[in-house]
Amino acid sequence: MTAPFAALRDRINDAVIGHLSDTVATRNGTVSVVGLFDKAYGESFGLITGNDPVFRCLTSVGMARGDTLVVGSTTYTVAGVEADGAGLDLCRLEAP
Amino acid sequence: MAHQRQTIREAIVTRLTGLATSGSRVYASRLKPLLDTELPAILVSTGGEALDGATYLKTGLPVNRPLEIRVDLVAKAVSGFENTVDQMLAEVEVALFDSPAHNTLAGLVHSIQLASILDPEMDDSLEKPVIRLPVILRAVYS
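Which chain is which? The protein sequence lines are A and B, in order. If you read the first sequence in this note's numbering, its first letter stands for residue 12, the second for the next number, and so on. If you read the second sequence in this note's numbering, its first letter stands for residue 17, the second for the next number, and so on.
What follows is the structure, encoded as structure tokens:
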């Protein structure tokens, strides 16, 4: 049996992903995953420009390091998965 | 007339331009962040001079001035980035130390010494890992 607050949290997570998602990505070439994609400007050492692509999705999706994720025309590799412990994962992406 | 520091810095840039890995991507006193198209790159900047006996300048006696030159080797790649900067270092060493003419920048300095190679710095906060290998040279001139 799911605890009441956990059930509420899951419903909120579903609502967040359901209403605020901006991206349907393809995981490992076959599975569609809905989530929030962000590619903010970044710098390294204050010297090298780039960006910091991340994808937020439900933990229940089961994203794992090494998965591929196609967003638009770019195939990213999941470099790390940071779970927030409350049902959402932040996946750090590496570009080809 | 340009100060010797400027002349030496520009001569180093000229000497390091055209190497196999970094090509024309050699920048002096670079402050603006580098784009992907500007990598891998070599950054050259001149540092301090540990002058002991600077008063010799007033007496007209010769004084050797050890000018520190910082050469940063930077690269960004999904893999092999440390190998890339090591290869760049090998190319820099050949360019500066393979002959007396190169080691003196055709007589501009007495010698260029490899003072130290600092720890490589790596960062994976961007879409690809980034590495910077700082190399400290010492150019002795009068």
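Positions of the beta carbon are idealized from the N, C-alpha and C atoms, including for glycine.
Practice task
Flag this pair as touching only if the region 44–56 of chain B and the region 47–59 of chain A have three or more C-beta atom pairs under 8 Å; answer yes or no.
Solution key: The count of Cβ pairs closer than 8 Å, one atom from the region 44–56 of chain B and one from the region 47–59 of chain A, reaches three, so the stretches are in contact.
Exercise for the section: Under 7 Å between beta-carbons, which chain B residues line up against residue 62 of chain A? List them in chain order, please. Expected result: For residue 62 of chain A, the C-beta contacts it makes with chain B under 7 Å involve 142 and 143, in order along the chain.
Practice task
Pull out every residue of the region 93–108 of chain B whose Cβ sits closer than 7 Å to any Cβ of chain A, in chain order.
Solution key: If the cut-off is 7 Å between Cβ atoms, the region 93–108 of chain B has 94 near chain A.
Problem - Residues of the region 123–141 of chain B whose Cβ lies closer than 9 Å to any Cβ of chain A, in chain order - result: Of all residues in the region 123–141 of chain B, only 137, 139, 140 and 141 place a beta-carbon less than 9 Å from a beta-carbon of chain A.
Handout entry: Beta-carbon proximity of residue 61 of chain B to residue 31 of chain B, cut-off 9 Å
Key = Not in contact: residue 61 of chain B and residue 31 of chain B (Cβ atoms no closer than 9 Å).
Exercise for the section: State the DSSP-derived secondary structure class of residue 41 of chain A, mapped to helix, strand or coil. Expected result: Residue state, collapsed to three classes: coil.
Practice task
Put residue 58 of chain A into one of helix, strand or coil per three-state DSSP.
Solution key: In the three-state scheme derived from DSSP, where H, G and I count as helix and E and B as strand, residue 58 of chain A is classed as coil.
Practice task
Would you tell me roughly how many angstroms separate the C-alpha atoms of residue 47 of chain A and residue 66 of chain A, rounded to the nearest one?
Solution key: The straight-line gap from Cα to Cα measures roughly 6 Å.
Practice task
Would you decide whether residue 95 of chain B is buried or exposed? Buried here means 16 or more other CB atoms lie within 10 Å of its CB.
Solution key: Result: exposed.
Problem - Proximal residues to residue 66 of chain B (C-beta, below 7 Å), its chain only, five neighbours per side dropped - result: By the criterion of a C-beta distance shorter than 7 Å, residue 66 of chain B is surrounded in its chain by 82, once the five residues flanking it on both sides are discounted.
Problem - Between the CA atoms of residue 145 of chain B and residue 97 of chain B - distance to the nearest angstrom - result: CA-to-CA, the gap between residue 97 of chain B and residue 145 of chain B works out to about 8 Å.
Exercise for the section: For residue 56 of chain B, go through chain A and note every residue whose CB falls closer than 7 Å to its CB, in chain order. Expected result: Chain A residues near residue 56 of chain B: none, gap ~10 Å exceeds 7 Å.
Practice task
Assign residue 88 of chain B to one of three DSSP states: helix, strand, or coil.
Solution key: The DSSP-derived three-state label of residue 88 of chain B is strand.
Exercise for the section: Using a cut-off of 9 Å between C-beta atoms, extract the partners of residue 50 of chain B located in chain A. Expected result: Within chain A, the residues near residue 50 of chain B are 58, 59 and 60.
Problem - DSSP state of residue 25 of chain B mapped onto helix, strand, coil - result: Residue 25 of chain B falls in the helix class under three-state DSSP.
Exercise for the section: Decide yes or no for the touch test of the region 18–28 of chain B against the region 120–127 of chain B: beta carbon pairs closer than 8 Å, at least 3 of them. Expected result: Touching, per the Cβ criterion.
Problem - Spatially closest choice to residue 154 of chain B from B:89, B:91, B:126 and B:106, by CA coordinates - result: Cα-wise, what sits closest to residue 154 of chain B is B:126.
Practice task
Report whether the distance from the Cβ of residue 44 of chain A to the nearest heavy atom of the ligand NAD is below 8 Å.
Solution key: This structure does not include the ligand NAD; it has no bound ligands of any sort.
Practice task
Kindly list, in the order they appear in chain B, the residues whose Cβ is closer than 9 Å to that of residue 104 of chain A.
Solution key: Within chain B, the residues 143 have their CB atoms less than 9 Å from the CB of residue 104 of chain A, given in chain order.
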